[in-house]
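Each remark here refers to the structure printed beneath this line.
There are 4 protein chains.
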Amino acid sequence: MASRGVNKVILLGNVGGDPETRYLPNGNAVTNITLATSDSWKDKQTGQVQERTEWHRVVFFGKLAEIAGEYLKKGSQVYVEGRLQTRKWQDQSGQDRYTTEIVVDMGGTMQLLGGRATGAHPEESAPRQAAPRAAASVREPQAPSAPRPTQPAQPSAMPDYDSFDDDIPF
Amino acid sequence: MASRGVNKVILLGNVGGDPETRYLPNGNAVTNITLATSDSWKDKQTGQVQERTEWHRVVFFGKLAEIAGEYLKKGSQVYVEGRLQTRKWQDQSGQDRYTTEIVVDMGGTMQLLGGRATGAHPEESAPRQAAPRAAASVREPQAPSAPRPTQPAQPSAMPDYDSFDDDIPF
Amino acid sequence: MASRGVNKVILLGNVGGDPETRYLPNGNAVTNITLATSDSWKDKQTGQVQERTEWHRVVFFGKLAEIAGEYLKKGSQVYVEGRLQTRKWQDQSGQDRYTTEIVVDMGGTMQLLGGRATGAHPEESAPRQAAPRAAASVREPQAPSAPRPTQPAQPSAMPDYDSFDDDIPF
Amino acid sequence: MASRGVNKVILLGNVGGDPETRYLPNGNAVTNITLATSDSWKDKQTGQVQERTEWHRVVFFGKLAEIAGEYLKKGSQVYVEGRLQTRKWQDQSGQDRYTTEIVVDMGGTMQLLGGRATGAHPEESAPRQAAPRAAASVREPQAPSAPRPTQPAQPSAMPDYDSFDDDIPF
DNA sequence: TTTT
DNA sequence: TTTT
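Chains as they are written, first to last, in my numbering: chain H, 767 to 936; chain P, 767 to 936; chain V, 767 to 936; chain Z, 767 to 936.
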């Protein structure tokens, strides 16, 4: 009922393989993916461009797990917002091991982007524009009390920049 | 039921004045504050340190509006996560005007930090550590299906770094 | 040389029109775009899906301004990270007016995504995969001292999940 | 020189112990801390408030490592922005192990907040207000080309809300 | 109008 | 003025 602290992860990258979905005893879906984020930079010494790919373990829960399992494919470009969580587990020899994952549940978000996924099952791949709509649906419960405009007038419409820009002293 | 896009603002700064809370016809609270974020940098030409304060209009809705109205004071240091929204309105002469605000509702967060608020009503000021707990409570509905551990074993408990670190080849 | 506060905006959306680039007296580029972020939700009363588009004014400076001016087109899907800034200006009647923008400079980022831009000059449109590489180049100066691996072994290479997963007690 | 992807972590929490700083052969500082972020929620079944603390390994590099080593103490409340990185290493038995850390270097940020640190060395603890100024200094190189106002007039000054608010049709 |  |  309370919280102290912020634990937020924002990733935008490509999915490393087809997602794996399983179901908990209570029927809730859990989907695992690996996600690659790449960045590159010029080496100060050599002047060579260096590239580095970081791999992340992402776990979706609930409604987002279903959506991720259905729409994400190997190669999909995706935006993800979640939180860090480190799980403790025991390996075969009984030793404690730790795995850090990005948990994406109702407090998070997933947005499928325009990436050309190399689907394992391309024949059944949905039209990509379907995914983002579906994907976002889980955010709905997050803003029930939001001040959404229902009036005919749209308070947040764009200013009339054509006439307006003349006034802007850039 | 769907979403396409990300619209997120993260601010950490100081409140410019006591919050103003009002109530909508439906009983929901709305609280307005102004928030200052400062940054400084060394001028490349002069070598002088420059400072700049940016002021933001933040609007809380719902439960967070109540918490903000109760715990924030002039001077409070606060972390806020919300979304950008530009409202259109008419000034006295009937001209269209636009105001951009950071909306913080159930999809957002507020964390009161350790700042020494100069409360308008210091006598009634709650112990400051109470605020963050209360403040965060509104996030609860965001993670109802989250994979919270309810097992006796805490998967995410602090690793035993003392023994653990020995293995880490820093 | 110092900073107190956080002022961060993260947007992922579609560009509303071809970017407009101009040059400051010192030769630095400045590029303006408008960016739409959409979200939708189900109305609690009516059960109807509501949609809302928020428009943002984004201003790129420096190297990112050049990249944005070259690669962004009307319709481009783009990820942007910047900071909020409100400018004061005077309209024709001499009245003070304020415009809030998202400033994206060296402290920010831009990532062109997979969107199918409807370029004004499609014939000269670069292969879309070229853009993200170029776009990110401005981040280079941000991490010169970063602990990038230059050793033959890549510490952060993809774990061998195939063999590795066997140990993970999901 | 380029980048494709976003890898960003934002944490706000309390430091688990005094920071440990060491120096690389090239003289650069590296500082390690553990950081706790807590959140709590009401259990749907029991109605009981549950609390959970997540621990993170944070590694600072360069100038920020020096600042972190000097100003952070056990218990310090701190805001951190960095990126995820998983290191591979071998334990005593030669087995591959992985550790995920939040790397905070020039592309990141650190802000010491108002927390009452329980310093291991309270006698030598600097006045807390000194830290944030120092801490932020490392961000300077990130925005050298930023459009900072050098004009006498401050473009980003606060609107005169007193007279202004009357016009706002809330 | 905040804060350092 | 975008996008689905």
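Glycine is no exception: its CB is placed at the ideal position from the N, C-alpha and C atoms.
Because the structure is a prediction, the values reported are computed rather than measured.
Among the options, nearest to residue i - alpha-carbon criterion
i	options	result
K774(H)	Q814(H), G793(H), D871(H)	D871(H)
V781(H)	V772(H), T852(H), K839(H), L830(H)	K839(H)
V772(Z)	T797(V), V846(V), A831(V), L830(V)	V846(V)
A831(P)	Q816(P), A795(P), T819(P)	A795(P)
T819(H)	R849(Z), K808(Z), V844(Z), T875(Z)	R849(Z)
V777(Z)	Q843(Z), I833(Z), G828(Z), N798(Z)	Rather than Val, the amino acid found at residue 777(Z) in this sequence is Leu. It is Q843(Z).
W807(Z)	G828(H), R770(H), V869(H), E836(H)	R770(H)
I833(Z)	G880(Z), G874(Z), T797(Z), L879(Z)	T797(Z)
I799(P)	K829(P), K854(P), V869(P), Q861(P)	V869(P)
F827(H)	T875(H), Q861(H), K854(H)	T875(H)
Partners in chain V for residue i, counting only beta-carbon separations shorter than 8 Å
i	result
Q851(P)	E820
V824(P)	Neighbours of V824(P) on chain V: none; closest Cβ ~11 Å, over 8 Å.
Per-residue contacts from residue i into chain H (C-beta, under 7 Å)
i	result
Y845(P)	V772
T866(Z)	T866
Where residue i falls, given that 16 or more other Cβ within 10 Å makes a residue buried
i	result
G779(P)	buried
N792(P)	exposed
Q877(V)	buried
Y789(H)	exposed
S723(P)	Outside the modelled stretch of chain P, which goes from 767 to 936, sits residue 723(P), for which no answer is possible.
E817(P)	exposed
Q856(V)	exposed
Q851(V)	buried
A909(Z)	Note that A909(Z) has pLDDT 32, beneath the 50 cutoff, so the model's placement of it is unreliable and the number below is only indicative. That one is buried.
A892(H)	Below a pLDDT of 50, predicted positions are generally treated as unreliable, and A892(H), at 38, falls in that range; the measurement from the model is reported next regardless. So A892(H) ends up on the exposed side.
Listed by chain order, chain P residues near residue i by CB distance under 8 Å
i	result
Q877(H)	S769, R770, G771, V772
Under 9 Å from the C-beta of residue i: neighbouring residues of chain V
i	result
I833(H)	In chain order: nothing, as chain V lies at least about 15 Å away.
Within chain V, the residues that residue i reaches when beta carbons sit closer than 7 Å
i	result
V870(P)	Per Cβ cutoff of 7 Å: no residues; V870(P) is ~14 Å from chain V at best.
Given 8 Å, three or more beta-carbon pairs between the region 785-792 of chain V and the region 779-795 of chain P
Judged by pairs of C-beta atoms under 8 Å, the region 785-792 of chain V does not touch the region 779-795 of chain P, as fewer than three such pairs exist.
Okay, do the region 798-811 of chain P and the region 806-821 of chain V touch, 3+ Cβ pairs below 8 Å being the bar?
No: fewer than three Cβ pairs fall under 8 Å.
Could you please tell me which residues of the region 777-807 of chain P, in chain order, have their CB closer than 8 Å to any CB of chain Z?
Residues passing the 8 Å Cβ filter: L778, G782, R788, V796, T800, D805, S806, W807.
Should the region 859-871 of chain H be regarded as contacting the region 814-824 of chain H, the criterion being three or more beta carbon pairs within less than 8 Å?
A contact exists between the region 859-871 of chain H and the region 814-824 of chain H.
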